[in-house]
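Asks:
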Amino acid sequence: MKEHLIIIFGGSGDLASRKLIPALYSLHQRKKELVPFKIVAVGRTSFSNDSFREHIIEKGEYSNKEFFNSLFYLQMDPSVKGDYSKLIEKLKEFESSDYLFYLATPPSLYESIPTNLKLCGLNKEEGESSKIKPGVRKIIVEKPFGYDLESAIKMNSTLRGSFNENQIFRIDHYLGKETVQNILALRFANTIFEPIWNRNYIERVEITAVENMGIGSRGSFYDGVGALRDMVQNHLIQLLALVAMEPPVTYGEKEFRDEVVKVYSSLKPLTKEEIPSRVVRGQYIAGEKKGEMALAYRQEKGVKSNSQTETFLAMQVKIANWRWEGVPFYIRTGKQMPTKVTEIVIHFRDTPHRLFSSREECPDHNQLIIRIQPNEGMVLKFDMKIPGSGFDINQVPMDFTYDKLGEVNSADGYSRLLEEALKGDNTLFTRSDAVEASWRYFSPVLQYFKEESQLPLHGYPAGSWGPLESEAIITNGHRWSNPCKNLTNTDIYCEL
Ligand code: BG6
5 MKEHLIIIFG GSGDLASRKL IPALYSLHQR KKELVPFKIV AVGRTSFSND
55 SFREHIIEKG EYSNKEFFNS LFYLQMDPSV KGDYSKLIEK LKEFESSDYL
105 FYLATPPSLY ESIPTNLKLC GLNKEEGESS KIKPGVRKII VEKPFGYDLE
155 SAIKMNSTLR GSFNENQIFR IDHYLGKETV QNILALRFAN TIFEPIWNRN
205 YIERVEITAV ENMGIGSRGS FYDGVGALRD MVQNHLIQLL ALVAMEPPVT
255 YGEKEFRDEV VKVYSSLKPL TKEEIPSRVV RGQYIAGEKK GEMALAYRQE
305 KGVKSNSQTE TFLAMQVKIA NWRWEGVPFY IRTGKQMPTK VTEIVIHFRD
355 TPHRLFSSRE ECPDHNQLII RIQPNEGMVL KFDMKIPGSG FDINQVPMDF
405 TYDKLGEVNS ADGYSRLLEE ALKGDNTLFT RSDAVEASWR YFSPVLQYFK
455 EESQLPLHGY PAGSWGPLES EAIITNGHRW SNPCKNLTNT DIYCEL
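Start counting the sequence shown at 5; every next residue gets the next number (this note's numbering).
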């Protein structure tokens, strides 16, 4: 296998030291059947190879230092066209001429880097004169893939002005998670679920991805983004697509990604009249967490003191197709919640006829819970007769924890995705038409947030399950299933 050079723009930044280099380290440790690689981290900060290696070592846990012989640093400003001659010179030091560029920079550079790569000829696989050798060229782009539909279209066209679609890898790290991929295996490697995976048997679906941390040091970035752009438009809707998609003809790049696009294109657009009853926004206010007071969002560094950015979002989404007509999908995400958990709950319909009167005491019917993280696994809940006289029914869980299959790579998906990109397999990456189809659904909602100031931004205390108003988007008297049984809803809610 030919060696690749991974060139990380934004190499001295947080994403590179916290996620990418650790993920590459874990790939390097596995070695087997892997495309070999070396890394050139590129950044504006001044480092030598050695001081950069020390900087990375300080920030992580690396028992095997051999990896660091493959890590190099180049100081340059990627927004300046003239600096690319330094990159070309640096690349000459390596035997390999297969390049994987990684944009781990602020989105403001997403236009200039691909354009500059094109201007200096580094995008061309056939190479350019004696300065640049021929080889494979690929580019990985981090989200956000645009800010709204218009900017997403512009970003796609910039990227495609320099690279072909099959050279572009738009990374959504949720697709790299084992348990997310396992949704496909659950649905399409078994016969028992698929016949009932539709509107006739499923009453509603809940998708929750919440975190127990605030926005930390990312205040100035997050305040211009908010929960919808940060989590919903990409990670949550991707989870929804895997639950809702039709079986692809094969597990191939085109076939799989075509089905994702079909789901996004079937999302029923929300009218202005529907948005207030189907979308709830919240922002955390100060609250007690494990005996300590947590700051309000507006007190966080980099956040405006009158910020209207949501840190919580709950939405009722509908899919207009034969399989899902009439089945609500409830999705929610939030910062500063009681715990960090990502979970999908499939609620099946009630039995057509009730034989057992005690059944009415059971609030929910059959459920399949897919725990994405932590404690990766699945639980199927069903009713059984309690031993003894009479016919008292109780709900029992049948559970499977993912670690029974072997060691779970509970890392956040980056290493799996980097491995796929090295191999040149785009299946688990987002295609340009999927990005645009998703924005086509969400852009009007964002527009509504901007224009219709009457859509409330509810305050919720840090450490709670979000605004009580989020219960109102769930119809038919149901409630959100809060994943940790020992954590109860707090009743302190207020409006900002
Ligand atoms: C990122 C968001 O994409 O996903 C972060 O920008 C969020 O705000 C993170 O914290 C959550 O990822 P995970 O893998 O920890 O659930």
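For every residue, glycine included, the Cβ atom is placed at its ideal position computed from N, Cα and C.
Source: prediction; values computed, not measured.
Sorry if obvious, but does the Cβ on MET235 come closer than 7 angstroms to a heavy atom of the ligand BG6?
Replies: It does: the Cβ of MET235 is within 7 angstroms (strictly closer) of some heavy atom of the ligand BG6.
Asks: Can you tell me the Cα-Cα spacing of GLU7 and SER52, whole angstroms?
Replies: The straight-line gap from Cα to Cα measures roughly 23 angstroms.
Asks: Nearest-angstrom Cα distance between LYS385 and ASP234?
Replies: Between LYS385 and ASP234, the C-alpha separation is close to 32 angstroms.
Asks: Determine the burial state of GLY47: buried for a count of at least 16 other Cβ atoms within 10 Å of its Cβ, exposed for fewer.
Replies: GLY47 comes out buried.
Asks: When the distance is taken between beta carbons, is LEU422 closer than 8 angstroms to LEU3?
Replies: Past the edges of the chain, shown from 5 to 500, lies residue 3, and the structure says nothing about it.
Asks: Just to check my reading of the structure: ALA231 and THR346 have Cβ atoms closer than 8 angstroms, yes? What is that Cβ distance to the nearest angstrom?
Replies: That pair is no contact at about 14 angstroms.
Asks: Could you say if the segment 333-345 and the segment 474-489 meet the contact criterion of at least three C-beta pairs nearer than 8 angstroms?
Replies: Taking 8 angstroms as the limit for Cβ pairs, the verdict is that the segment 474-489 does touch the segment 333-345.
Asks: Determine which residues share a DSSP beta bridge with THR337 and list them.
Replies: According to DSSP, which records beta bridges pairwise, THR337 is partnered with ALA213 and LEU317.
Asks: For ASP18, does the count of other Cβ atoms within 10 angstroms reach 16, so buried, or fall short, so exposed?
Replies: Exposed is the call here.
Asks: I think LEU432 touches LEU179, with their Cβ atoms under 8 angstroms apart; what is that distance to the nearest whole Å?
Replies: Indeed, because the Cβ distance is near 4 angstroms, the residues count as touching under 8 angstroms.
Asks: Where does TRP326 land, buried or exposed, given buried means 16+ other C-beta within 10 angstroms?
Replies: TRP326 comes out exposed.
Asks: Among LEU75, GLU93, THR49 and ASN120, which residue has its Cα nearest to the Cα of SER502?
Replies: No statement about residue 502 is possible, as the shown extent of the chain runs from 5 to 500 and does not include it.
Asks: Just grab the DSSP bridge partners of ASP387 for me.
Replies: Beta-bridge pairing links ASP387 to GLN399.
Asks: Cβ of THR479 within 7 angstroms of any heavy atom in the ligand BG6?
Replies: The answer is no for THR479.
Asks: Can you check whether the CB of SER309 is closer than 8 angstroms to the CB of TYR301?
Replies: Not in contact: TYR301 and SER309 (Cβ atoms no closer than 8 angstroms).
Asks: Are GLY467 and GLY286 close, meaning C-beta to C-beta below 8 angstroms?
Replies: The answer is no: Cβ separation not under 8 angstroms.
Asks: What three-state label does DSSP hand THR162 in the structure shown?
Replies: Three-state result, THR162: helix.
Asks: Output yes or no for whether 8 angstroms exceeds the beta carbon distance between LEU153 and TRP443.
Replies: Closer than 8 angstroms, so yes.
Asks: Are at least three pairs of beta-carbons, each pair with one atom in the segment 137-152 and one in the segment 97-106, less than 8 angstroms apart?
Replies: Because the criterion of three Cβ pairs below 8 angstroms is met, the segment 137-152 and the segment 97-106 touch.
Asks: Does the distance from the C-beta atom of PHE167 to that of ALA156 stay below 8 angstroms?
Replies: No, they are not a contact pair.
Asks: So, with DSSP's three-state summary, where would you put THR479?
Replies: Coil.
Asks: Could you pull the DSSP bridge partners for ILE289 from this structure?
Replies: PRO465.
Asks: Would you mind working out which of THR434, PHE352, ILE12 and THR405 sits nearest ILE117, comparing C-alpha positions?
Replies: Of the listed residues, the one whose Cα sits closest to ILE117 is ILE12.
Asks: Which full runs of the alpha helix (DSSP H) of 4+ residues lie inside the segment 199-284, going along the chain?
Replies: DSSP runs (the alpha helix (DSSP H)) wholly in the segment 199-284: 223-226, 241-248, 257-270 and 279-282.
Asks: State the DSSP-derived secondary structure class of TYR151, mapped to helix, strand or coil.
Replies: DSSP places TYR151 in coil when its eight states are reduced to three.
Asks: Contact check, GLN399 vs ASP407 under 8 angstroms by CB: the rounded distance?
Replies: Incorrect: roughly 25 angstroms between the Cβ atoms, too far for contact.
Asks: Of the choices LYS305, TYR452 and TYR464, whose alpha-carbon is the least far from that of ILE219?
Replies: Cα-wise, what sits closest to ILE219 is LYS305.
Asks: Between GLU115 and the rest of its own chain, which residues show a CB-CB distance below 6 angstroms, the 5 nearest in sequence each way excluded?
Replies: THR162.
Asks: When you compare each of VAL267, VAL331, ALA318 and LYS389 to HIS462 by their alpha carbons, which one comes out closest?
Replies: Of VAL267, VAL331, ALA318 and LYS389, the residue nearest in Cα terms is ALA318.
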